[in-house]
Structures are given as structure tokens and as C-alpha cells.
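Quick notes on the structure that follows.
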Amino acid sequence: MPRTVITFGTFDVFHVGHLRVIERAAALGDRLVVGVSADALNLRKKGREPVFNQRERLEIVAALRMVDEVFVEESLELKREYIERYDANVLVMGDDWRGRFDEFADICEVVYLPRTPAISTTALIEKISSTG
Ligand code: C2G
Numbered sequence: 027m028p029r030t031v032i033t034f035g036t037f038d039v040f041h042v043g044h045l046r047v048i049e050r051a052a053a054l055g056d057r058l059v060v061g062v063s064a065d066a067l068n069l070r071k072k073g074r075e076p077v078f079n080q081r082e083r084l085e086i087v088a089a090l091r092m093v094d095e096v097f098v099e100e101s102l103e104l105k106r107e108y109i110e111r112y113d114a115n116v117l118v119m120g121d122d123w124r125g126r127f128d129e130f131a132d133i134c135e136v137v138y139l140p141r142t143p144a145i146s147t148t149a150l151i152e153k154i155s156s157t158g
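This note's numbering applies: residue 27 is where the sequence shown begins, and numbers increase by one.
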């Protein structure tokens, strides 16, 4: 049986931190499925729309050679449904989410990977605006 890995993220203003977590997630199995958060979810949870809309963010993530399938993550509360729908054996998240998804350990392995230091979408947006 192939081992399916699932991960989630916004992946806005795609950067090397995003690439590395996706690469390391892919290395944990045979098939990588990525849930890309919906614009509406971002607006609800973070109070702002992403720089790139969900269609563009999905297109970028889907183009990566280690990604086998992408879908829109409509709600943070649907993780269990998504894990089951895609038959995932492993859930991978960056360690900024450490402990938050331990409840899914009954249906899959839950792995938190260390974030790539010193890079974030927020820092990039600030850097670009200040050099404007
Ligand atoms: N990441 C990383 N290193 C960074 C920045 C991000 O490893 N320097 C990882 C995050 O830990 C996450 C993934 O990249 O696993 C995507 O990050 P975000 O786009 O910030 O995703 P987020 O808004 O945290 O996800 O269900 C979760 C939601 O989809 C929200």
C-alpha cells in the first residue's frame, strides 16, 4: 500500500520555507496531498485576504513536482474529514502548529517539522513594502 502524506497551508507569497516543508513532507511517504487554505478561511481567521488568491496559490503548489494532488481547505475544523477523504497515513505540519493536531493520532501519524528560520510571508510583505 502506498503511504499518503497530507499537509495544509496558505502558501501565500510562496517562499523557500514553504518549499522545504513540502519537500520534507513528500519524503515521508509515496504520495503527497496538499490542502491550500481558502481565501474565505484566511479572511475569517486572520482578518485579511492573502496577496495571491486561492486559485493562484493552488496553481503554484500543484506545479511542484513532489505534489501529487491539491485541494481547497475550506475550514480548519474539517481536518479529520480531509484526512479520511484522502486516505492519509501521515499528517505533516510545521512546528508552529505543534500539539494542535494530536487528536488525529487515532487515524494517522502526526508529524510536526521544524520551520525554516528567518523567513515568513509577513516578513516578506514588510520587506517589500519598506523598499517600495
Ligand atoms: N513554514 C515553514 N517555515 C517557514 C514558514 C512556513 O516550515 N519559515 C510552513 C508552516 O509551518 C506550514 C506551511 O509552511 O506548515 C505553510 O505555512 P503557511 O502558509 O503560513 O500556512 P498556515 O497559514 O499556517 O496554514 O490548516 C492550516 C492552515 O491551512 C493555515
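A virtual CB, placed ideally from N, CA and C, is assigned to each residue, including glycine.
Being a predicted model, the structure only gives us computed values, none of them experimental.
Check: Counting along the chain, where does the alpha helix (DSSP H) carrying L67 start and finish?
Finding: Mapped onto the sequence shown, residue 67 falls at position 41. Start and end: 65-72.
Notebook entry, point to check: Quick one: what's V62 bridged to in DSSP?
Noted result: If you number the sequence shown from 1, residue 62 lands on position 36. Bridge partners of V62: G35, V98.
Next item on the list: Just mark T30 as buried or exposed, buried being the case when its beta carbon has 16 or more other beta carbons within 10 Å.
Entry: Along the sequence shown, one-based indexing puts residue 30 at 4. If you draw a 10 Å sphere on the C-beta of T30, you find 16 or more other C-beta atoms in it, and that means buried.
Note to self: Three or more C-beta pairs under 8 Å: does that hold for the segment 84-99 against the segment 113-132?
What the structure shows: Touching, no, given that fewer than three Cβ pairs across the two stretches are closer than 8 Å.
Next item on the list: Quick one: using the 10 Å Cβ neighbour count with 16 as the cut-off for buried, is V60 buried or exposed?
Entry: If you number the sequence shown from 1, residue 60 lands on position 34. It is buried - the Cβ of V60 has at least 16 other Cβ atoms within 10 Å.
Next item on the list: Give the secondary structure of V136 by DSSP, where H, G and I count as helix, E and B as strand, and everything else as coil.
Entry: For the purposes of this step, residue 136 is identified with residue 110 of the sequence shown, where counting begins at 1. Three-state result, V136: strand.
Next item on the list: Locate the beta strand (DSSP E) running through G120, then write down its first and last residues.
Entry: The residue labelled residue 120 in the question sits at position 94 within the sequence shown. Taken as a continuous stretch (DSSP letters only), the beta strand (DSSP E) holding G120 covers 116-120.
Notebook entry, point to check: Identify the residues that DSSP records as bridge partners of R106: which are they?
Noted result: As a working note, residue 106 is residue 80 in the sequence shown. None, per the DSSP bridge assignment.
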